[in-house]
Each structure stands twice: as C-alpha cells, then as structure tokens.
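Residue numbers for the sequence shown follow our numbering, so the first one is 9 and each next one is one higher.
For glycine and all other residues, C-beta sits at the position ideal for the given N, C-alpha and C.
It should be emphasised that the depicted structure is a prediction, and the values quoted were computed from it without experimental measurement.
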Amino acid sequence: MLLKAVRSKGLGNKIDPNKGSIAAPPASADLTASLNDELLLRVLVHLSDDPYPCSLVCKRWMRLHGMLKLTLRLKEWSFLESGRMTKRFCNLTDVDLSGAWLAPPSKQSSILFTHHYITINLGTNAFDPDSIERFIEDRQLAPSSLDRGLKVLADGCPSLQRLCLIDVRRPTYNPSSFRRRGSTNTYIAKDANGDAAEKKHQNAELGATKASKDGDEGVKRSLQPARPELSPTGGLAYLAKKCPTLQELVLNQCTDDSLYAISACQNLQILRLVGTVSGFYHCTFTDIGLTILAKGCSRLVKLELSGCEASYDGIAAIGRCCFMLEELTLSNQGFYEGWIAALHFCSCLKKLRLESCKQIDPIPGPLEHLHSCQTLQRLELVRCNLRDKAGFSALLSVASLVKELHFQDCWGLDDETFKLLEICRRVRFLSLEGCALLSTAVLEALVMGLKELHTLQVVYCNNIKDSEISPALALTFSTLKELKWRPDTKSLLADSLSGTGVGQVGGKFFKRGGPS
Numbered sequence: 009m010l011l012k013a014v015r016s017k018g019l020g021n022k023i024d025p026n027k028g029s030i031a032a033p034p035a036s037a038d039l040t041a042s043l044n045d046e047l048l049l050r051v052l053v054h055l056s057d058d059p060y061p062c063s064l065v066c067k068r069w070m071r072l073h074g075m076l077k078l079t080l081r082l083k084e085w086s087f088l089e090s091g092r093m094t095k096r097f098c099n100l101t102d103v104d105l106s107g108a109w110l111a112p113p114s115k116q117s118s119i120l121f122t123h124h125y126i127t128i129n130l131g132t133n134a135f136d137p138d139s140i141e142r143f144i145e146d147r148q149l150a151p152s153s154l155d156r157g158l159k160v161l162a163d164g165c166p167s168l169q170r171l172c173l174i175d176v177r178r179p180t181y182n183p184s185s186f187r188r189r190g191s192t193n194t195y196i197a198k199d200a201n202g203d204a205a206e207k208k209h210q211n212a213e214l215g216a217t218k219a220s221k222d223g224d225e226g227v228k229r230s231l232q233p234a235r236p237e238l239s240p241t242g243g244l245a246y247l248a249k250k251c252p253t254l255q256e257l258v259l260n261q262c263t264d265d266s267l268y269a270i271s272a273c274q275n276l277q278i279l280r281l282v283g284t285v286s287g288f289y290h291c292t293f294t295d296i297g298l299t300i301l302a303k304g305c306s307r308l309v310k311l312e313l314s315g316c317e318a319s320y321d322g323i324a325a326i327g328r329c330c331f332m333l334e335e336l337t338l339s340n341q342g343f344y345e346g347w348i349a350a351l352h353f354c355s356c357l358k359k360l361r362l363e364s365c366k367q368i369d370p371i372p373g374p375l376e377h378l379h380s381c382q383t384l385q386r387l388e389l390v391r392c393n394l395r396d397k398a399g400f401s402a403l404l405s406v407a408s409l410v411k412e413l414h415f416q417d418c419w420g421l422d423d424e425t426f427k428l429l430e431i432c433r434r435v436r437f438l439s440l441e442g443c444a445l446l447s448t449a450v451l452e453a454l455v456m457g458l459k460e461l462h463t464l465q466v467v468y469c470n471n472i473k474d475s476e477i478s479p480a481l482a483l484t485f486s487t488l489k490e491l492k493w494r495p496d497t498k499s500l501l502a503d504s505l506s507g508t509g510v511g512q513v514g515g516k517f518f519k520r521g522g523p524s
C-alpha cells in the first residue's frame, strides 16, 4: 500500500523530464505550400539577380532553382556522367564542358597553363611542349566516358542551344601521310634501291586557273590520306540527333570523325572548330571533314577554323553548301595553297578575319583568275605575317570591294606592302594598330586616295610622326566623321606629362646639401 501511494504521488527517485524545461514552440506552417510551382517560380525570378540562396531554403525551392538555371560551366565530369547534373538542372540551354575534360590531379598544383579560355593545372613533370602534351594526353577523359556523359546530357537537356566541348578522340591517321598534288612542299620518297630522294611537285596555276574554266565545279585535287574509319555512332553524334535546337557549338581537339558526328546538327548557326593547338595537343581535320560538315550544316552563319589542314576543296565546299555564311575566321597555321581562290563561292560572306596566320597563301594563282567577293564588307588581319606579298596581294584582289579594313599587330606591313591597299577604293573605315613600319607619307597617299573614307584610327604606329603631317592631310582629317589619332606613344607620354614636372632633371627638384 505504501509503495502504491508513493508511486501515485510521484515520490522517490523518479525525475520528471518535462519539469523546469521550456516548451518548444509549434512548427510554423509553410506559407508558400499553397502556391503552385508556376507562381513560385515567378516570385523567385524577381527576388534577386542570383537566386542561389533561395535554393538553400528547402528541397522544393532547390528543385525550382534548378529549373531557373540556364547556363552552367562544368568542373567535374562525374557530376554529369552520374546524371546528377541533368536531374538538378533540367532546363539548361548553355553548357560549357571545357573545364572537365581532364581528370582532377591527385595533388592540386599551383602551376597554371592557359590558352584562351582553357586553363590546366600542370604537374612538376610537365616543363616543355612535349611533356605538356604527354601530361594532357594521360589525364584526359576516356572516349567511353565522354560518350556516356554526352548521352546523359542529350537525354536530360534536349533543349540545349549552346555547347562548348573538348573532344578526346584521337585520329587514326598519320598527318605526314597526306600528299597533295599541286603543292610546292618537298617530301622524301624511297626509290627502287631504298635510297631517299627529294621530289618536288609544283603547280603554280593550282585551282585558280581551272576554277575559272570549269566554273563552280572547281578543282578536284587528289587527297591520298590513310583515311580514318568515320563512324556516326558515339556521344557527339547522339547529342547532335537528340538536341535539334543546338545553334552554337565550340569544338576543340576536332577531327574528321568529330565533323562527321556534328553534321547531323541541321540547325547549327555558329561553329568554332579548333584542331591542333601548339603546346596542348595535336589532332587536325581536313577537307574531307569540312565537306561532310558543309553538306549537313547548311545553315551556318558564323564559322571559325583553327589549326586544320584545309585548302581549296574545303573552303569551296563550305561556300557552295553553306549559302547563309556571313562571317568566316581562319586562325593559326594549317591552310594549304589555293584557298583564296575558293572565297568567291561564299556568296553571302560579309566579314573575313585572319588571325595568327604565319603565311597567307604561298601559291594563290594568277590574279586574273581570282574572283572578288561581291558581298564582303569587312576584312580583319590580326597578328598575321604579311611578308608574303603574293598571298597578300591575292587576298586584297578578292576583297577589293571591302568597306572596312582593320590591321592589328601584323608583321611585315611596311610601306611597300601597304601600297597594295590602293586596290581597295571603297574603304570607309580604316584601322591601324601596332603597325610600326608604316611611314606618314605612305599613309597620307592612301588616305588622300580614299574618297569615301569617314573613319580613321591610327594607334601605336611609332614611325608615323605628328610633325610630318602635311596641311592637305590635316584638312582631310577635319572632314572625317571619326578620327582616333595616337600613333606615337612617346609624344603622347610627353604631352600627358607636360606641366607636371615628371621626367625632368632631378637637380631641379632636390637641393644639394643636407639640412641647415
């Protein structure tokens, strides 16, 4: 009885856990639960420029934030290959995969190697071009891993519009096996006794003469490479078929196999192809791949080719099939002789840009057989070697109707080469930057001859002096709509420092002797 009474009164060693504690407040209700996803998305869009903090509220908000994300730059390939990326961000339209093509290093290195927008963490064993290329080749993705990731991306983001990718496939041919007829290149051949003999193939007429006779048929020059087996299968081809809205593609480490795969992108409009990059990797694409590409991607508007083995046939195929092409950019080495003669096939070309070209065209053919581009309006040459006067003259002959000329940091643009611009009589915009060999007299002769010129820009041309400007040239300057005149950096510095006392003899500023 006593024990029962004790238990009923709460006596003994029993401690009430709720005694003396503060009661927890009831959980607050989610006020956004009554809103559907569409209304909540409209609210999240107007919260801030960066809706990322909203994704930390709850799982629902994180899912909605993923629906708002349209642009993504990938850093880790496993995030894509596992399917987490497409599940997290299902409405992506712009994806950059160039930062995830190499396996992450076991130990983070502080050595960075950058080319344009590609940055690589190098190891200590990569110290010269050969070792850097081996380092990259050892760490790049396996082709099977690339295919799986691209297939996941294509299935998860069918509305993709822009893609930046570095292909990891390797060509199965030897670049030295290419032999082109009509070239001046010297190669080594084995004679009957096994001795090496030098043979030269020369054809100064090349494609230009026969192109004028055969019209649009052009010249079918013989290509005899050990052609790789092109297969339409793979992740890149799968993505090209599954993403019909893809309009812009940047493809690095490009080969003929890659071009065959992306030829299924019928709505592609902007395309940048990069083959060999000195110091990074060596793989190239040829006229074969460009011809296949031109037949499949006929709606191209802007095309950039870099580090390839293209020539007359490839450029002619692009011009014949891509009838909407307006901008063409050719970069780096790799173009063979005769490509200038094929530019007239680009019937809608408005802008031509040559960048970092070591040689324009070694054998362009006779000038009388070169046809001008009627629609070409702007010609840009950036960091090009213009010592090849024959190729430069042929280029100006094709671009004789341009209205805008732009030269930047070009080698060999001396007075004699600059006089070749007299053929371009319709120039309205002339820009010269970093042309240190030009003289004031030659510039004056050209400017006075351009009756339609309304804009002139002369920057960092140290051989052009203000003191050498004639009254006639000064009068012409007064009639221009826009003039940017900063040729001599030394005189600019002197003018900017005048009156400040900087640059004068130190004795004028400091008194001799110590303090009195």
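Task: Start-to-end residues for the beta strand (DSSP E) that takes in Lys95 - done: Counting along the chain, Lys95 sits inside no beta strand (DSSP E); it lies in the alpha helix (DSSP H) bounded by residues 92 to 96.
TODO: Express the C-alpha separation of Leu308 and Cys251 in angstroms, rounding to a whole number.
DONE: Roughly 16 Å separates the two Cα atoms.
Task: Coarse secondary structure for Asp396, derived from DSSP in three states - done: The answer is coil: DSSP assigns Asp396 none of H, G, I, E or B.
Open item on the list: Can you check which of these residues, Tyr268, Leu440, Tyr289, Ser286, is closest to Ile296 by C-alpha distance?
Closed with: The shortest Cα separation from Ile296 among Tyr268, Leu440, Tyr289, Ser286 belongs to Tyr268.
Open item on the list: Using the three-state DSSP reduction, which class does Leu425 fall into: helix, strand or coil?
Closed with: Looking at the sequence shown, residue 425 is not Leu but Thr. DSSP, reduced to helix, strand and coil, places Thr425 within a helical segment of the structure shown.
- [ ] Look at the Cβ atom of Gly287, then the Cβ atom of Pro137, and state whether they are nearer than 7 Å.
- [x] In this structure, Gly287 lies near Pro137, with their beta-carbon atoms less than 7 Å apart.
Open item on the list: Which same chain residues end up closer than 8 Å to Arg92 when comparing Cβ atoms and leaving out the 5 residues on each side of it in sequence?
Closed with: No residues qualify anywhere along the chain.
TODO: Tell whether a beta-carbon distance below 7 Å holds between Gly157 and Trp85.
DONE: Taking 7 Å as the cut-off, the Cβ atoms of Gly157 and Trp85 count as close.
TODO: Using three-state DSSP, classify Leu357 as helix, strand or coil.
DONE: Taken through DSSP and simplified to helix, strand or coil, Leu357 comes out as coil.
Open item on the list: Please report the distance separating the alpha-carbon of Asp321 from that of Ala449.
Closed with: The C-alpha of Asp321 lies about 41 Å from the C-alpha of Ala449.
TODO: Measure the C-alpha to C-alpha separation of Arg386 and Gln416 and round it to an integer number of angstroms.
DONE: Distance from the CA of Arg386 to the CA of Gln416, rounded to the nearest whole angstrom, comes to 14 Å.
Open item on the list: Measuring alpha carbon to alpha carbon, tell me which residue in Lys359, Leu378, Ala248, Ser355 is nearest Trp347.
Closed with: The option with the nearest alpha carbon to Trp347 is Leu378.
TODO: Give me the Cα-Cα distance between Ser401 and Asp474, rounded to the nearest whole angstrom.
DONE: Their Cα atoms are separated by approximately 29 Å.
Task: Thr79 burial status per 10 Å Cβ neighbour count (16 or more: buried) - done: Exposed is the call here.
- [ ] Under 6 Å Cβ to Cβ from Glu490, same chain only, skipping five residues before and after it: list those, please.
- [x] Once the five neighbours on either side are set aside, the close Cβ partners of Glu490 are Thr463.
Open item on the list: Does His123 pass the burial test, meaning 16 or more other C-beta atoms within 10 Å, or should it be called exposed?
Closed with: His123 comes out exposed.
Open item on the list: I need the straight-line Cα distance from Thr180 to Glu145, nearest angstrom please.
Closed with: Because Thr180 sits at a pLDDT of 47, beneath the cut-off of 50, its placement in the model cannot be relied upon, and the point is left open.
Task: Contact check, Ala324 vs Phe353, beta carbons under 7 Å - done: Against a cut-off of 7 Å, the Cβ pair of Phe353 and Ala324 comes out as a contact.
TODO: Indicate the three-state DSSP secondary structure (helix, strand or coil) for Phe485 in the structure shown.
DONE: Looking at Phe485 - three-state DSSP - the assignment turns out to be helix.
TODO: Going by DSSP, name the residue or residues bridged to Ser339.
DONE: Its beta-bridge partners are Ser314, Glu363.
- [ ] Run the CB neighbour count on Phe135, radius 10 Å, all protein chains shown included, and call it buried at 16 or more, exposed below.
- [x] Around the beta-carbon of Phe135, fewer than 16 other beta-carbon atoms lie within 10 Å, marking it exposed.
Task: Straight-line Cα distance separating Lys310 from Glu335 - done: The alpha-carbon atoms of Glu335 and Lys310 are separated by roughly 5 Å.
TODO: Within the same chain, show all residues whose beta-carbon is closer than 7 Å to that of Lys159, passing over the 5 residues directly before and after it, in chain order.
DONE: A distance below 7 Å between beta-carbons, with the five flanking residues on each side excluded, links Lys159 to the following residues of its chain, in chain order: Gly243, Tyr246.
Task: Burial state of Glu430 (16 or more Cβ within 10 Å) - done: When all chains shown are included, Glu430 counts as exposed.
Open item on the list: Here's the rule: buried if 16 or more other CB atoms are within 10 angstroms of the residue's CB, otherwise exposed. What is Pro479?
Closed with: Under this definition Pro479 is an exposed residue.
Task: Lys208 - DSSP class collapsed to helix/strand/coil - done: Interpretation of Lys208 is limited by its pLDDT of 36, a score under 50 that renders its predicted location unreliable; no figure is taken from the coordinates.
Open item on the list: Report the CB separation of Ile472 from Ser447 in whole angstroms; it is logged as a contact under 8 Å.
Closed with: Between Ser447 and Ile472 the Cβ distance is about 7 Å, and since that is below 8 Å, they are a contact.
TODO: Leaving aside the five residues before and after Ala339 along the sequence, list all residues of the same chain whose C-beta is less than 6 Å from its C-beta, in chain order.
DONE: First, the amino acid is wrong: residue 339 is Ser here, not Ala. So the list reads Ser314, Glu363, Ser364, once near-sequence residues are dropped.
Task: Proximal residues to Leu428 (C-beta, below 6 Å), its chain only, five neighbours per side dropped - done: Same-chain partners within the cutoff: Ser401, Leu404.
Open item on the list: What ranges does the beta strand (DSSP E) occupy inside the region 114 to 179, keeping only unbroken runs of at least 3 residues that lie completely in it?
Closed with: 119 to 123, 126 to 130, 170 to 174, all fully within the region 114 to 179.
Task: Delimiting residues of the alpha helix (DSSP H) encompassing Phe415 - done: According to the DSSP assignment, Phe415 belongs to no alpha helix (DSSP H) but to the beta strand (DSSP E) extending over 412 to 416.
TODO: Kindly indicate which three-state DSSP category Met9 falls into: helix, strand or coil?
DONE: Here Met9 scores only 47 on pLDDT, less than 50, and its place in the model should not be relied on; the value that follows carries that caveat. Three-state result, Met9: coil.
Open item on the list: Quick check: the Cα distance between Cys586 and Thr292, rounded to an integer number of angstroms?
Closed with: The requested residue 586 is not part of the displayed model; the chain covers only 9 to 524.
TODO: Could you spell out where the alpha helix (DSSP H) holding Trp85 opens and where it closes?
DONE: Secondary structure note for Trp85: its alpha helix (DSSP H) is the uninterrupted segment 85 to 89.
TODO: Run the CB neighbour count on Cys392, radius 10 Å, all protein chains shown included, and call it buried at 16 or more, exposed below.
DONE: In the assembly as shown, Cys392 is a buried residue. Its beta-carbon has 16 or more other beta-carbons within 10 Å.
Task: With 16 other Cβ atoms within 10 Å as the buried cut-off, status of Ala272 - done: It counts as buried.
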